[in-house]
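Note sheet for the following structure.
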Amino acid sequence: MPTQNPHRIVGLCTSSKVYNALTELKHLEGHRSAKFLSLLTQNLVRKGLLNEQEVVHMLDQVVS
């Protein structure tokens, strides 16, 4: 039976927390991946590590 918050398991490294949260329920995997990436991108833009033009350029590469 899946857990509600697999990323809250004590002792997991960061990459395992992200992987477990995104892949726990296969029917939500795409939605969770998109949500995580959108939040990550928003955070990077807010911190000045990316700008909107770079994000749009990457999205152009994804959809082409």
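The numbering of the sequence shown is UniProt numbering, which starts it at 1 and goes up by one.
Where a beta carbon is used, it is the ideal one built from N, C-alpha and C, also for glycine.
Boundaries of the alpha helix (DSSP H) in which residue i is found, first to last residue
i, result
"Val-55", "52-63"
"Gly-30", "29-46"
"Asn-5", "Per DSSP, Asn-5 belongs to no alpha helix (DSSP H) and is neither H nor E."
"Lys-17", "14-23"
Pairwise C-alpha distance: residue j and residue i
i, j, result
"Leu-44", "Lys-26", "27 Å"
"Cys-13", "Tyr-19", "10 Å"
"Glu-54", "Thr-41", "10 Å"
"Ser-16", "Ser-64", "30 Å"
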